[in-house]
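See structure below.
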Amino acid sequence: MSFDRLAEAICAKQNPTVAGLDPKLEYVPEYIKEKAFNKYGETLKGAAKALLEYNKGLIDALYEIVPAVKPQAAYYEMYGYHGVKTLYKTQEYAKSRGMYVITDGKRNDIGSTMEAYAAGHLGTVQVGSETFAPFDADALTVNGYLGSDGIDPLIKVCKQYDKAIFVLAKTSNPSSGELQDKLIDGMPIYEVMGNMCEKWGEQLPGKYGYSGVGAVVGATYPEQIAELRAKLPHTFFLIPGYGAQGASAKDIAAAFDKNGLGGIVNSSRGIMCAYKKEGCDEHDYAGAAFREAARMKKEIMSFVGEIKLG
């Protein structure tokens, strides 16, 4: 099962973190942009080529210490078809370095439309007599608020192609409580969604106790993390909000079980823009990313302890 591979990678590197690859052009060092613009002009293609070189440098620096990357689709789609190609090339390159790839797409729809999303991001498509995998991710973030009609097509594809999903439950943004904290029969909506993840996950069991249906649970809400971990013993957490959004390693400590498993913590800007925070030469942007990833690992592991597969 897909999350079994993620757990094994986390254990091997003793590091429950994922590097978010959410590149803006303003994050990219000037020398990379100049090279791309000199060749392709100040065009969408030039921008996409700059993002790809930037991403490759980050992946090269991180793959030995960080088990996974999480490219956010919007940062690629904004550059049109050139950007979407860069998303695929980023996934492909990360996989070539042995990294687990989570596409942060937050997709959701029903029926044949959700089947199309599932096939495109996690499965395959048929073109005449040929079969193709359009993208190269191991997992996809999805919005579960259309109910099972939007999740069942994903479950089917996950079974067939050994993939996984993370469903939005308690997100890290400040206004998440406007909806997610509302009560249904005395239970917060985020808990209702978490319970649905547990139920959906019964169809995708894993050998380390976690199913192939995970939940997005924000680091900015440590009390809810602890609450949901106790109530969702088979649900793997994707944990945004660390670092740039203000959450600390202490805030996410309760996301992990007695073996140190159960969650993976995301940092995007903190890693990508570490060279700016350090004030180092931009040519060392990848080195700065590695140093920040190593610092993050050390801080988080001081709360998690040794990670074991059980």
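Residue numbers (the numbering used here): 267 to 576. Where a beta carbon is used, it is the ideal one built from N, C-alpha and C, also for glycine.
Report task. Out of 302, 404 and 433, state which residue places its alpha-carbon closest to the alpha-carbon of residue 414. Result -> With distances taken between CA atoms, residue 414 lies nearest to 433 out of 302, 404 and 433.
Query raised in the report: By Cβ distance, which residues of its chain are closer than 6 Å to residue 284, with the 5 residues on each side in sequence left out?
Result: Excluding five sequence positions before and after residue 284, the CB atoms of its chain that fall closer than 6 Å to its own CB belong to 334, 336, 530 and 532, given in chain order.
Report task. Tell me whether residue 449 is buried or exposed, calling it buried when 16 or more other Cβ atoms sit within 10 Å of its Cβ. Result -> Counting the other CB atoms within 10 Å of its CB gives residue 449 a total below 16, which places it among the exposed residues.
Query raised in the report: Do the stretch 543 to 555 and the stretch 481 to 496 meet, that is, are 3 or more Cβ pairs less than 8 Å apart?
Result: Touching, no.
Query raised in the report: Taking buried to mean at least 16 other C-beta atoms within 10 Å of its own C-beta, is residue 474 buried or exposed?
Result: Classification of residue 474: buried, given that the 10 Å Cβ count is 16 or more.
**Report entry** Sequence-distant residues of the same chain with beta carbon closer than 7 Å to residue 423, five excluded per side
**Finding:** Close CB contacts of residue 423 within its chain, under the 7 Å cut and outside five residues either way in sequence, are with 384, 385, 388, 389 and 429 (chain order).
Query - Whole-Å CB distance - residue 331 paired with residue 563, under 8 Å assumed - result: So it is a contact: roughly 7 Å between Cβ atoms.
Query raised in the report: Should the stretch 296 to 309 be called in touch with the stretch 512 to 522, which here means at least 3 C-beta pairs below 8 Å?
Result: Contact between the stretch 296 to 309 and the stretch 512 to 522 is absent, because fewer than three Cβ pairs lie under 8 Å.
Report task. Tell me residue 454's beta-bridge partners as DSSP assigns them. Result -> Answer is 449, bridged to residue 454.
Query raised in the report: Does residue 437 have its Cβ less than 7 Å from a Cβ in chain D?
Result: Here chain D cannot be found, since the structure has a single protein chain.
Query - Three-state secondary structure assigned by DSSP to residue 283 - result: DSSP places residue 283 in the strand class (E or B) of the three-state scheme.
Requested in this report: Pull up the distance between the alpha-carbon of residue 539 and that of residue 452, whole angstroms please.
Outcome: If you draw a straight line from the Cα of residue 539 to the Cα of residue 452, it is about 42 Å long.
Query raised in the report: For residue 483 versus residue 503, is the C-beta spacing smaller than 7 Å?
Result: The criterion of a C-beta distance shorter than 7 Å is satisfied by residue 483 and residue 503.
Query raised in the report: Which ranges would you report for the beta strand (DSSP E) in the stretch 278 to 356 if only whole runs of at least 3 residues count?
Result: For the stretch 278 to 356, whole beta strand (DSSP E) runs of length 3 or above, ordered along the chain, are 283 to 287 and 334 to 337.
**Report entry** Whole-Å CB distance - residue 339 paired with residue 371, under 8 Å assumed
**Finding:** Contact between residue 339 and residue 371 holds, since their C-beta atoms are separated by about 4 Å, short of 8 Å.
**Report entry** Pairwise C-alpha distance: residue 308 and residue 570
**Finding:** Near 46 Å, if we compare the C-alpha coordinates of residue 308 and residue 570.
Query raised in the report: Would the beta-carbon of residue 297 fall within 7 Å of that of residue 325?
Result: Residue 297 places its beta carbon 7 Å or farther from that of residue 325.
Report task. Can you grab the Cα-Cα spacing for the pair residue 468 / residue 544, in whole Å? Result -> Taking the straight line from one Cα to the other gives about 45 Å.
Query - Classification of residue 379 by the beta-carbon crowding that lies within 10 angstroms, buried from 16 upward - result: With fewer than 16 other Cβ atoms inside 10 Å of its own Cβ, residue 379 counts as exposed.
Requested in this report: Find out if the Cβ-Cβ distance for the pair residue 456, residue 485 is shorter than 7 Å.
Outcome: Result no, Cβ atoms of residue 456 and residue 485 do not sit closer than 7 Å.
**Report entry** Proximity winner among 369, 556 and 527, relative to residue 567 (alpha-carbon distances)
**Finding:** Here the closest residue by C-alpha is 527.
Query raised in the report: CA-CA distance, residue 275 and residue 365?
Result: Their Cα atoms are separated by approximately 8 Å.
Query raised in the report: How big is the Cα-Cα spacing for residue 535 and residue 342?
Result: If you draw a straight line from the Cα of residue 535 to the Cα of residue 342, it comes to about 16 Å.
Query - 8 Å CB neighbourhood of residue 556 in its chain, flanking five on each side removed - result: Excluding sequence positions up to five before and after residue 556, its CB lies within less than 8 Å of the CB of 327, 328 and 331, all in the same chain and listed in chain order.
Query raised in the report: Would residue 408 pass as a contact of residue 373 if the rule is Cβ separation under 7 Å?
Result: Cβ atoms of residue 408 and residue 373: closer than 7 Å.
Query raised in the report: Are residue 478 and residue 269 closer than 7 Å when you measure CB to CB?
Result: Going by C-beta atoms, residue 478 is nearer than 7 Å to residue 269.
Query raised in the report: Are the CB atoms of residue 352 and residue 316 nearer to each other than 7 Å?
Result: No, Cβ-Cβ distance for residue 352 and residue 316 is not below 7 Å.
**Report entry** Length of the line joining the Cα atoms of residue 560 and residue 444
**Finding:** Residue 444 has its alpha-carbon roughly 36 Å from the corresponding atom of residue 560.
Report task. Check each candidate in 541, 272, 542 and 554 and name the one with the smallest Cα separation from residue 403. Result -> It is 272 whose Cα lies nearest to the Cα of residue 403.
Query raised in the report: Can you tell which of 462, 397 and 480 has its C-alpha closest to the C-alpha of residue 412?
Result: Taking only the C-alpha atoms, the option nearest residue 412 is 462.
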